[in-house]
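Enquirer:
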Amino acid sequence: MPTHDHPEGIKGAQALAVAVFLARRGADKRKIRDEIEDRFGYDLRRQVATIRPGYSFDVTCQGSVPEAIIAFLDSDDVESAIRLAISLGGDADTLACMAGAVAQAFYKQVPEAIVTGVEQRLRPELWQLLQEFCARYQVPA
């Protein structure tokens, strides 16, 4: 099982970083998909609806990063990206985090209900750190 120190773990982290970078720069979904496929060899031409029936818990990057990106590609907004990722099952919280990161960069706004829910659940010092990060890097909170 690869760890984050494994070449596949590094590849997965790079793929997500590229997806977020392109989304923040205004790339459309096709450009993001094509770039990730070309650079990292992930098959992103599937859909959540076809992945879901056969998907199971997979902690490897090659078994989770493409699925998280596909959840984003199939989405209409941040919330639907997160919901689609969770609907796959498996390591749902990790899938949701990855899909949500790309979706936030692409759609630029997290629904107020989600922001409020996060604020209520985070320790105050973590909420403050998040606010500082968002301000420093011009990320809408």
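Numbering (the working numbering), first residue to last: -17 to 123. Ideal Cβ placement from N, Cα and C applies to all residues, glycine included. Since the structure is predicted, the reported quantities are computational estimates derived from the model, not experimental observations.
Excluding the 5 residues flanking Gln86 on each side, which residues of the same chain have their C-beta closer than 6 Å to its C-beta?
Expert: The answer, listed in chain order, is Val60 and Val92.
Enquirer: Using CA coordinates, which residue listed in Lys(-7), Ser38, Pro106 and Arg21 is at the minimum distance from Ile68?
Expert: The candidate whose alpha carbon is nearest that of Ile68 is Ser38.
Enquirer: Are Tyr24 and Ile33 touching if we call contact CB-CB under 8 Å?
Expert: Going by C-beta atoms, Tyr24 is not nearer than 8 Å to Ile33.
Enquirer: Should Ala(-1) go down as buried or exposed, given a rule of 16 or more other Cβ atoms within 10 Å for buried?
Expert: Result: exposed.
Enquirer: Would Ile52 pass as a contact of Val84 if the rule is Cβ separation under 8 Å?
Expert: Cβ atoms of Ile52 and Val84: not closer than 8 Å.
Enquirer: So for Lys90, helix, strand or coil by DSSP?
Expert: Three-state DSSP puts Lys90 in coil, outside helix and strand.
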